[in-house]
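FYI, in numbering that gives the first Met the number 0 the residues of the sequence shown are 0 to 329.
Even glycine gets a Cβ: it sits at the ideal position worked out from N, Cα and C.
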Amino acid sequence: MPTFAKQSQKESDRLSAINTIDSEIDTLNQLKISLNSDCLTQALDLMQNATKNSGRIIITGMGKSGHIGRKIAASLASTGSPSFFVHPAEASHGDLGMITENDIVVAISNSGESKELIDILNYCKRFGITIISITKNPESSLGKAGNVVLTLPNNGEACPLGLAPTSSTTATLVLGDILTVGLIERNGFSKEDFNDRHPGGKLGSILKRVSDLMHTGAEMPILEEHSNMQAVLLEMTSKRLGCVGFINQLGELTGILTDGDLRRCLSANILNSKAIDLMTKNPKTISPDAMTAEALKLMHDKKITNLFVIENKKPVGVIHIHDLLNNGVA
0 MPTFAKQSQK
10 ESDRLSAINT
20 IDSEIDTLNQ
30 LKISLNSDCL
40 TQALDLMQNA
50 TKNSGRIIIT
60 GMGKSGHIGR
70 KIAASLASTG
80 SPSFFVHPAE
90 ASHGDLGMIT
100 ENDIVVAISN
110 SGESKELIDI
120 LNYCKRFGIT
130 IISITKNPES
140 SLGKAGNVVL
150 TLPNNGEACP
160 LGLAPTSSTT
170 ATLVLGDILT
180 VGLIERNGFS
190 KEDFNDRHPG
200 GKLGSILKRV
210 SDLMHTGAEM
220 PILEEHSNMQ
230 AVLLEMTSKR
240 LGCVGFINQL
250 GELTGILTDG
260 DLRRCLSANI
270 LNSKAIDLMT
280 KNPKTISPDA
290 MTAEALKLMH
300 DKKITNLFVI
310 ENKKPVGVIH
320 IHDLLNNGVA
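Now the structure itself:
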């Protein structure tokens, strides 16, 4: 293919990408303008009350709406609001039994006329289960069935044919994020709560506490602050963490000496010195309850590789930067 043809195709692809982005941004701006705060607050009230009363948030939708619905359900469940996705077709073949009277159903359909949702809507009406409808057409079957309707923008799709769900699914995804963030804020969901639900992967590593990775007990390089340098060298060598911490008579941490410090003050008279003469006093420390990400940031900002872990001024552990990096905290 000639060079000019390749350049022409690249420019065409770039313009298509920009048009798609602009179209979806326009849809989100329309969502921002048209969002009904009364309906939003009512929807959040219903979802919050359901989960506080042992109910779950059931998300349902067909096709692309279903794919977005699965993501919304996963986001809600991972942030403290029990939720799962029910496929409309499977619901008609027994999965309706998964929905209880304490639950609330969030049904998604861009047109509001998905025939596959009929059985779920009828079931909810029969048993008095609250429905939150997400659709671009409040006058549709789904819109009329909902106790609350959250309306999507009706300004077309990014698809050049105007057919493939593109802008509409983006708006639905963002509306799901709005509901998720709203419940996070209402429920006071914390980093610690998030950590409990994300023990695996990189998130789990970042959200671990310092106490999960620190060296304790006999692994801690600790000496009394008046120890001689021969004892310091032996302690640093045997514990292999590149540092030694020093305590006073009350057991409180008063200083630290690293292998880098030793190299900088190396002299023929070093063995005649005491730890208290060479140590860095009032070193940086961290709490055992701190997140490992906080420990990494502190080490990075202060250009250090070790932190002693302190409770009531006394060392309960030590953490090395390699402990963090080897566990995926980066």
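Residue i burial status per 10 Å Cβ neighbour count (16 or more: buried)
i: Phe126; result: exposed
i: His319; result: buried
i: Glu100; result: exposed
i: Gly187; result: exposed
i: Ile20; result: exposed
i: Ile67; result: buried
i: Lys207; result: buried
i: Ala217; result: exposed
i: Leu212; result: buried
i: Pro282; result: buried
i: Arg13; result: exposed
i: Glu351; result: In the structure displayed, the chain extends from 0 to 329; residue 351 sits before or after that span and is not available.
i: Ser166; result: buried
i: Arg55; result: buried
i: Gly175; result: buried
i: Ala294; result: buried
i: Ala49; result: buried
i: Ile24; result: exposed
i: Asp300; result: exposed
i: Ile98; result: buried
Enclosing beta strand (DSSP E) for residue i [first to last residue]
i: Pro314; result: 313 to 319
i: Ala157; result: Looking at the DSSP string, Ala157 is not in any beta strand (DSSP E), and its letter there is neither H nor E.
i: Glu310; result: 305 to 310
i: Ala274; result: Segment 274 to 277 is the alpha helix (DSSP H) holding Ala274; no beta strand (DSSP E) there.
i: Val173; result: Taken as a continuous stretch (DSSP letters only), Val173 belongs to no beta strand (DSSP E), being part of the alpha helix (DSSP H) at 166 to 186.
i: Gly60; result: 56 to 60
i: Ala49; result: It is not in any beta strand (DSSP E) - Ala49 instead sits in the alpha helix (DSSP H) that spans 36 to 51.
i: Ser132; result: 129 to 134
i: Ile119; result: Unbroken run through Ile119 is the alpha helix (DSSP H), 117 to 126; no beta strand (DSSP E).
i: Ala106; result: 103 to 107
i: Ser82; result: 82 to 84
Residue i vs residue j beta-carbon contact at 9 Å
i: Asp288; j: Val180; result: no
i: Ala73; j: Ser82; result: yes
i: Ile71; j: Ile103; result: no
i: Thr291; j: Ala157; result: no
i: Asp118; j: Ser91; result: yes
i: Met46; j: Leu178; result: yes
i: Ile133; j: Ala106; result: yes
i: Leu314; j: Met219; result: The sequence as given places Pro at residue 314; Leu does not occur at that position. Yes, the pair counts as a contact, with Cβ atoms nearer than the cut-off.
i: Asn109; j: Thr169; result: no
i: Asn153; j: Lys135; result: yes
i: Leu306; j: Ile285; result: yes
i: Val317; j: Ala274; result: no
i: Asn390; j: Met298; result: No statement about residue 390 is possible, as the shown extent of the chain runs from 0 to 329 and does not include it.
i: Leu249; j: Lys312; result: yes
i: Ile131; j: Leu120; result: no
i: Gly259; j: Phe245; result: no
i: Leu30; j: Leu151; result: yes
i: Leu233; j: His214; result: no
i: Gly155; j: Ser33; result: no
i: Leu43; j: Leu160; result: no
i: Phe84; j: Gly65; result: yes
i: Cys264; j: Thr304; result: no
Residue i, enclosing alpha helix (DSSP H) - first and last residue
i: Gly65; result: 63 to 77
i: Ser140; result: 140 to 144
i: Gly254; result: Segment 252 to 257 is the beta strand (DSSP E) holding Gly254; no alpha helix (DSSP H) there.
i: Leu149; result: Note, Leu149: premise wrong, no alpha helix (DSSP H); beta strand (DSSP E) at 147 to 150.
i: Ala90; result: 87 to 90
i: His299; result: 291 to 301
i: Ser286; result: Per DSSP, Ser286 belongs to no alpha helix (DSSP H) and is neither H nor E.
i: Ser210; result: 209 to 212
Neighbour flag for residue i against chain B, beta carbons, 9 Å
i: Met219; result: Protein chain content of the structure displayed is limited to a single chain, and chain B is not contained in it.
Contact the region 50 to 68 vs the region 112 to 120: 3+ CB pairs below 8 Å: The answer is yes - the region 112 to 120 touches the region 50 to 68, with three or more Cβ pairs under 8 Å.
Length-filtered (3 minimum) beta strand (DSSP E) runs lying within the region 220 to 247: Counting only runs of 3 or more, we get 221 to 223, 242 to 246.
Sufficient close CB pairs (3 or more, under 8 Å) joining the region 273 to 289 to the region 213 to 225: They touch, by the three-pair rule.
contact_flag[the region 24 to 39, the region 136 to 146] where n(CB pairs < 8 Å) is 3 or more: For the pair of segments examined, the region 24 to 39 was found not to touch the region 136 to 146: the number of CB pairs separated by less than 8 Å stays below three.
Cβ contact (3+ pairs, closer than 8 Å) linking the region 126 to 140 and the region 8 to 18: Judged by Cβ distances under 8 Å, the region 126 to 140 makes no contact with the region 8 to 18, as fewer than three pairs qualify.
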